[in-house]
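In my numbering, the protein residues as written are 717 to 899.
Beneath this line is the structure, given in structure tokens, with notes to follow.
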Amino acid sequence: MKHMKLLSCAAGILSCALLSVVYAETPRDPYQYFFNESFGDYSEELENAREQGKQGVMVFFEMDECPFCHRMKNTIMNQPEVQTYYRERFLLFSHDIEGDIDIVDFEGNETTQKEYAVNVHRVRATPVIAFFDLEGNRVARYIGATRTAREFKWLADYVVDGHYKNTSFTRYKREKKQELDQS
Numbered sequence: 717m718k719h720m721k722l723l724s725c726a727a728g729i730l731s732c733a734l735l736s737v738v739y740a741e742t743p744r745d746p747y748q749y750f751f752n753e754s755f756g757d758y759s760e761e762l763e764n765a766r767e768q769g770k771q772g773v774m775v776f777f778e779m780d781e782c783p784f785c786h787r788m789k790n791t792i793m794n795q796p797e798v799q800t801y802y803r804e805r806f807l808l809f810s811h812d813i814e815g816d817i818d819i820v821d822f823e824g825n826e827t828t829q830k831e832y833a834v835n836v837h838r839v840r841a842t843p844v845i846a847f848f849d850l851e852g853n854r855v856a857r858y859i860g861a862t863r864t865a866r867e868f869k870w871l872a873d874y875v876v877d878g879h880y881k882n883t884s885f886t887r888y889k890r891e892k893k894q895e896l897d898q899s
């Protein structure tokens, strides 16, 4: 009987531990947990990023019909560890490249979402993931969806650690993969 109580207690503890692991890995809505809310004034968002001690701003240029945008949001940006990783480093904004909503760019100029995406950043295909330093300068641009959450986190490291100054992201990824293979 004593062994049954002990076994039952152990099973209960194990069940709680497994549930907490499952709960911790449950995907979460990227619009609630990944992207920050914005009133469309990127110059103001730069100030917010500085005040919050962020490394910069990331803008996810997307459009509704884009399957690769949906894949990023539904398989990578919805992962809690990715959400935490990016939110610690950047302010994160979704930007509709077909939108007619008025915005203010990093230099304080008024424009629309569409004009800003097409005319300023020459976004033709989506997604485009653009990183800006705390002065509003675009420092890195990635076109397309990353394959994995790990690769997406490497993209953040590539920017934060300043590797964009010396090498392409493709070369950086290759080096990271080689490091993994050697360990």
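Where a beta carbon is used, it is the ideal one built from N, C-alpha and C, also for glycine.
CB-CB under 7 Å to S754, same chain, minus the five flanking residues each way: which ones, in chain order?
Answer for S754: E761, F809, listed in chain order.
Return the first residue and the last residue of the alpha helix (DSSP H) that A841 is part of.
Neither: A841 is in no alpha helix (DSSP H) and is coded neither H nor E.
Beta-carbon within less than 7 Å of K789's beta-carbon, same chain only, minus the 5 sequence neighbours each way: which residues are those?
The beta carbon of K789 sits closer than 7 Å to those of P746, all from its chain and outside the five residues before and after it, given in chain order.
Over the uninterrupted alpha helix (DSSP H) stretch that includes F868, give me the two end residues.
865-876
Inspect the beta-carbon positions of G756 and V844 and report whether they are closer than 8 Å.
no
Name the DSSP bridge partner or partners of S884?
Looking at the DSSP output, S884 bridges to nothing.
What's the C-alpha gap between R766 and S759?
So the alpha carbons of these two residues sit roughly 11 Å apart.
Taking the straight line between their C-alpha atoms, what separation do you get for V775 and S899?
Rounded to the nearest angstrom, the two C-alpha atoms are 34 Å apart.
In three-state terms, what does DSSP make of A856?
strand
Mind listing, in chain order, the continuous alpha helix (DSSP H) runs of no fewer than 4 residues lying wholly within the region 742-816?
746-749, 758-767, 783-787, 796-805
How is D897 classed by DSSP in three states: helix, strand or coil?
helix
Which residue wins for smallest C-alpha separation from V876, given the options Y801, H786, P743?
Y801
CB of F777 within 8 Å of CB of A833, strictly
Between F777 and A833, the gap from beta carbon to beta carbon is short of 8 Å.
What number of angstroms, rounded off, separates the C-alpha of K869 from the C-alpha of Q748?
19 Å
Quick one: Cα of F784 to Cα of A861, how far?
6 Å
Starting from the Cα of C782, find the closest Cα among L871, A846, R744, T842 and give me that residue.
T842
Using the beta-carbon count (16 or more within 10 Å), is K881 buried or exposed?
exposed
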